[in-house]
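A.B. asks: Numbering of the sequence shown is given in the working numbering, commencing with residue 49 and proceeding in unit increments.
Note that beta-carbon positions come from the ideal geometry of N, C-alpha and C, so glycine has one too.
Structure below; questions to follow.
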Amino acid sequence: MIANSVSESYARTLPENTICGIMPSWDNTARRGLSAHMAYGANPGRFRYWLNQIARKRLEGSYRQELFVNAWNEWAEKAMLEPTQSYGDLYLQVLGSQIAAPAEAGGAEELQPQKEKRLSASV
């Protein structure tokens with residue numbers, strides 16, 4: 049699924065003015081059962097790899113060089129950027145570093161979450 053989305057042959061089939069898109073993860077098994085789609089091996093390191101591949105191979109051809117990140121209210125499908133118990137804020141860190149320095153190479157190696165920072169409110 050992901051490998052196809054960054055391939056040149058796939059890119060040639062897209063209509064002009066297509067906006068490039070990415071998601072941190074995807075698994076709609078809870079909603080679709082046996083007809084589900086899953087992004088196998090999805091994790092913050094893989095997300096960084098996917099972002100780098102898109103930046104190198106596809107973003108230039110994306111309409112106005114925009115990138116759509118599908119991660120809004122997709123908790124049931126595991127497509128979210130918000131901090132989690134498993135990965136902390138790594139997805140946000142990865143996206144932020146890609147925006148700050150898109151040309152830097154990044155592999156899919158394992159990343160470690162930073163310790164959770166708790167905010168306290170004073171009244």
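(1) Quick one: what does DSSP say L175 is sitting in, helix, strand or coil?
(2) Output the distance between the C-alpha atoms of L99 and S83, rounded to the nearest integer angstrom.
(3) Just verifying my parser: in three-state terms, what is the DSSP assignment at T77?
(4) Using the Cα positions of P119 and N65, report the straight-line distance between them to the nearest angstrom.
(5) Straight-line CA distance for S57 to K105?
(6) Taking only the alpha-carbon atoms, compute the straight-line gap between D75 and I147 and give it to the nearest angstrom.
(7) Let me confirm a value: I67 is counted as buried when at least 16 other C-beta atoms fall within 10 Å, else exposed. Which label applies?
(8) Under a Cβ-count criterion, where at least 16 other Cβ atoms within 10 Å of its own Cβ denotes burial, should A124 be classed as buried or exposed?
(9) Quick check: what's the CA-CA separation for M71 versus P92?
(10) Let me check understanding here. Comparing Cα to Cα, which of L129, L115, E114 lies closest to N121?
C.D. replies: A quick look at the data gives this:
(1) Residue 175 lies beyond the range of the chain shown here (49 to 171); nothing can be said about it.
(2) 27 Å
(3) helix
(4) Note that residue 119 is Ala in the sequence shown here, rather than Pro. Their backbone Cα atoms lie some 22 Å apart in a straight line.
(5) 12 Å
(6) 25 Å
(7) exposed
(8) exposed
(9) Approximately 11 Å between the Cα atoms of the pair.
(10) L129
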